[in-house]
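The sequence shown maps to residues -20 to -1, 1 to 82 in mature numbering (1 follows the signal peptide of the UniProt record, and there is no 0). Note that beta-carbon positions come from the ideal geometry of N, C-alpha and C, so glycine has one too. Input: a single structure, listed below in structure tokens.
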Amino acid sequence: MLSRTILFSTSFLWVRVANAAFGITTSDDSYVIDAGSANPLKFTVSRSSCDITSINYYGSELQYSGTGSHIGSGLGSADVSAVEDGELTIEQAILYILISCL
């Protein structure tokens, strides 16, 4: 069974998916995380503030463009990093992306 979970918190952003086609695209300004799922989900996280600047689901933009998510509210600036990890077995793929805002 495929498992998809999204958890938002003030210091960490986890995406856990069981799907082989997902990943991180890194630019100077942001990380774009693609869930690679049958239900298309991509979101963008600012590398300077850790705000979620875009949530795109089925081609619809869900994040108001005038403001960020304020997940990193109060940080001013943040040291933002992204790590992709997980486990691939014959039975299943449990992969995740961790975005840390320090």
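{"Query": "Identify which residue in Gly39, Thr24, Gly3 has its Cα closest to the Cα of Val60.", "Result": "Thr24"}
{"Query": "In three-state terms, what does DSSP make of Thr(-16)?", "Result": "For Thr(-16), the predicted structure reports a pLDDT of 36, less than 50, and the residue's modelled location is therefore unreliable. The matter cannot be settled from this model."}
{"Query": "With distances taken Cα to Cα, identify the nearest neighbour of Ser57 among Asp65, Leu42, Ser80.", "Result": "Ser80"}
{"Query": "Suppose the cutoff is 8 Å on Cβ atoms and the five residues either side in sequence are ignored; what does the same chain contact list for residue 85 look like?", "Result": "No answer is possible for residue 85: it lies beyond the span of the chain, which begins at -20 and ends at 82."}
{"Query": "I'd like the list of long-range same chain contacts for Tyr11, defined as Cβ closer than 8 Å, with 5 residues on each side in sequence excluded.", "Result": "Ile4, Thr5, Thr24, Val25, Arg27, Val60, Ala62, Ile79"}
{"Query": "Could you give the distance in angstroms between the alpha-carbon of Tyr76 and the alpha-carbon of Glu64?", "Result": "6 Å"}
{"Query": "With a threshold of 6 Å on Cβ separation, who are the neighbours of Tyr38 within its own chain once the five nearest residues in sequence on each side are excluded?", "Result": "Pro20"}
{"Query": "Note the first and the last residue of the continuous beta strand (DSSP E) segment covering Glu67.", "Result": "60 to 68"}
{"Query": "Taking the beta strand (DSSP E) that Asn36 falls in, what are its first and last residues?", "Result": "32 to 37"}
{"Query": "Hey, would you say Ser49 sits closer than 8 Å to Ile32, going by beta carbons?", "Result": "yes"}
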